[in-house]
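K.L.:
Can you keep this structure in mind? I'll have questions shortly.
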DNA sequence: CGAACATTCAATCTATCAATTGAATATCGG
DNA sequence: CCGATATTCAATTGATAGATTGAATGTTCG
């Protein structure tokens, strides 16, 4: 006979798969796009063997699937909702855990110092885009941009920011985005562009959150 | 300096707190209402000492808070969104883990055998209530009902079902609800009432989910 | 077919988690 | 203040997770 506790134990199995920083890093990378083990390992700063083990655990928990493509195993998230799950976890943690708030404000300290404005919410961004008021800037590396991006976004990888300023409009406000709320790329971009006199703000989330919310994306 | 990994490690801390069946049982009980350690321990079928330890962990993860009331410590969820988090975890697990699906269908096997209809979604239920088409039946114990319930619900604890049939309207369809999707009370109630010739269906969620969705509740 | 490559498996060691026990602390009623 | 009640703390033991190593598997390419 099945008891309620069996169900909760199985649910706990899934939660436990989320209970490790390295695995969360792997999931964050997978939220960008599917990828091979080597890519994932280097994104999460793990050895290949170790990354593989963690990926097995995620697989057992039903969070990722793998399929072979030639010599490589391509991993992907099983479910778009996993991005929502991570987002909600983040919200709950930020609201209720002092340590979390401390770390976040530390990561964003430079923003505050430079007088950067509030980040733009997806609701605001959507409205501003419809009115044609803002230009979208994707500062992720080119391969991630190509795997999917917000419609109409210009891609200038952070490393080439100064070299590619010509692609940016000077007359509009710019909204920069990258991988997600904890990704440093857009923070950095906003700071540097502000120094150069651009009107620019950060999108508070990133590409995966936008997509998981069911908003339109350009995909290959 | 703060790295992104520090943030993920801290997030993992919260996820790890969810990674244990007993702690999930405690959280499910807390989703009904705040409660003292002894109540929680018996709801989760744990010794007092063990329950206390698990509650400490939940506290460290920022998921619950405790306040003293006389001799007792009253625990409560820190955040309504924790119910949403558990709900989303459940959805992801049910969709992607075969084992989970197996357990759920096993738990609901009797429903299928008795030809019970699909459960009612909260959207449907809300609409039917507005049109006055259905009567709401809360089959939880009286103390949980008193700590909060759906507006207009009649409370008949499952144990007194046959004794209190007089409280139920015979002319309307009845929707029964209890603690949540995995709670057996409303399943049992539906089966027994159907045998007696009532038109009755189950609400697919329970009181906590209804409340966490921001829908109206009657509270003391 | 066999070498090179990408990944997984098996075995090991250490660190952390879960349950239990008994002592310690805080509050209440008399 | 004292004894009863509710809970937490500290210490112990067995179980499980994480990292590392090297061998094993499956795939491509010459």
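Residue numbers (my numbering), protein chains in the order written: chain A, 47 to 266; chain B, 47 to 266. Idealized CB from N, CA, C, for every residue including glycine.
#1: For residue 49(A), name the three-state secondary structure that DSSP assigns.
#2: Using 10 angstroms around the beta-carbon of residue 78(B), count the other beta-carbons present and answer buried if the total reaches 16, otherwise exposed.
#3: Using a Cβ-Cβ cut-off of 8 angstroms, state whether residue 85(A) counts as contacting chain B.
#4: When you compare only the Cα positions, how much space is there between residue 175(B) and residue 181(B)?
#5: What did DSSP end up calling residue 200(A) once you bin it into helix, strand or coil?
#6: Where do the N-terminal and C-terminal ends of the alpha helix (DSSP H) with residue 253(A) fall, by residue?
#7: For residue 56(A) and residue 121(B), what's the separation of their Cα atoms in angstroms?
#8: With 8 angstroms set as the bound, which would you pick, yes or no: does the beta-carbon of residue 96(B) sit closer than that to a beta-carbon of chain A?
#9: Using a Cβ-Cβ distance cut-off of 8 angstroms, determine whether residue 267(B) contacts chain A.
#10: Can you give me the Cβ contacts of residue 127(A) inside the same chain, cut-off strictly under 8 angstroms, excluding the 5 residues immediately before and after it?
#11: If contact means a Cβ-Cβ distance below 7 angstroms, which residues of the stretch 116–147 of chain A contact chain B?
#12: Please report the straight-line C-alpha distance between residue 217(B) and residue 129(B), rounded to a whole angstrom.
#13: To be precise: take each residue of the stretch 53–68 of chain B, compare its Cβ to all Cβ atoms of chain A, and keep it if any distance is under 9 angstroms. Which residues remain?
#14: Compute the distance between the beta-carbons of residue 58(B) and residue 67(A), then report whether it is under 8 angstroms.
#15: In three-state terms, what does DSSP make of residue 123(A)?
#16: Going residue by residue through the stretch 99–153 of chain A, where are the continuous beta strand (DSSP E) segments of at least 3 residues, counting only ones entirely within it?
#17: According to the Cβ coordinates, are residue 143(A) and residue 60(B) closer than 8 angstroms?
#18: Would you say residue 51(A) reaches chain B, if we count a Cβ-Cβ gap shorter than 8 angstroms as a contact?
#19: Buried or exposed: which applies to residue 178(A), given that a residue is buried once 16 or more other Cβ atoms fall within 10 Å of its Cβ?
P.N.:
In this structure, then:
#1: Correct three-state label for residue 49(A): coil.
#2: Residue 78(B) should be labelled buried.
#3: Answer no: the Cβ-Cβ gap between residue 85(A) and chain B never drops below 8 angstroms.
#4: Within the model, the alpha-carbon separation for residue 175(B) versus residue 181(B) is close to 8 angstroms.
#5: The three-state secondary structure of residue 200(A), taken from DSSP, is strand.
#6: Its alpha helix (DSSP H) spans residues 253–258.
#7: The C-alpha of residue 56(A) lies about 25 angstroms from the C-alpha of residue 121(B).
#8: It does not; no Cβ of chain A falls within 8 angstroms.
#9: Here chain B covers residues 47 to 266 and nothing more, so residue 267(B) does not appear.
#10: The beta carbon of residue 127(A) lies closer than 8 angstroms to those of 258 in the same chain, with the five residues before and after it left out.
#11: Those would be 124, 125, 127, 128, 130, 131, 134, 135, 136, 137, 138, 139, 141, 142, 143, 145, 146, in chain order.
#12: Cα to Cα, residue 217(B) sits roughly 34 angstroms from residue 129(B).
#13: Within the stretch 53–68 of chain B, the qualifying residues are 53, 54, 55, 56, 57, 58, 59, 60, 61, 62, 63, 64, 65, 66, 67, 68.
#14: In this structure, the beta-carbon distance from residue 58(B) to residue 67(A) falls below 8 angstroms.
#15: Collapsing the DSSP output to three states places residue 123(A) in a strand.
#16: Within the stretch 99–153 of chain A, the complete beta strand (DSSP E) runs of at least 3 residues are 110–115, 118–123.
#17: In contact: residue 143(A) and residue 60(B) (Cβ atoms closer than 8 angstroms).
#18: At a cut-off of 8 angstroms between beta carbons, residue 51(A) contacts chain B.
#19: A residue is called buried once 16 or more other Cβ atoms fall within 10 Å of its Cβ, and residue 178(A), having fewer, is exposed.
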